[in-house]
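Residues -23 to -1, 1 to 78 (mature numbering (1 follows the signal peptide of the UniProt record, and there is no 0)) make up the sequence shown, in order. No residue lacks a Cβ here, since even glycine has one placed at the ideal position from N, Cα and C.
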Amino acid sequence: MTILRTGGLACLVLLLAACGSGMQGTYEDAMGLSRLRFDRDGSVVQTAALGGVEVRLRYEVEDDRVRLSHPDIDGAALVLTRVDENTLSGPMGVTYRRVAD
């Protein structure tokens, strides 16, 4: 019985660790016009330098894909590709580099 409890506890710990493996840090495009600030809670703030627009989005990570979605608009999403831990690649050749943790 102790082995089952220990095994169950180990599985729960691994599951919780996997859920907490979100991204964190601030990424900026090469021209400095757009920033993405990721928090481990699954939220990301997108800031556009032109016009001072700031939008809070949700994100999900699956393999090397990072899907950004607006919580109030169903079906609207932006999919980025993780090139490495410091680089994200977006549509139309836009590249975001990590500028802060």
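Requested in this report: For my contact list, R74 and V56 are in at a C-beta cut-off of 8 Å; report their separation, rounded to the angstrom.
Outcome: No, R74 and V56 are not in contact; Cβ-Cβ is about 18 Å, not under 8 Å.
Query raised in the report: Taking C-beta to C-beta, are R44 and A54 nearer than 8 Å?
Result: yes
Query raised in the report: Got a sec, what are the start and stop residues for the beta strand (DSSP E) R14 sits in?
Result: 11 to 15
Query raised in the report: Under the rule that 16 or more other beta-carbon atoms within 10 Å means buried, what is R12, buried or exposed?
Result: buried
Query - Alpha carbon of F15 to alpha carbon of E31, nearest angstrom - result: 13 Å
Query raised in the report: Looking at V76 and T24, is the spacing between their C-beta atoms short of 8 Å?
Result: no
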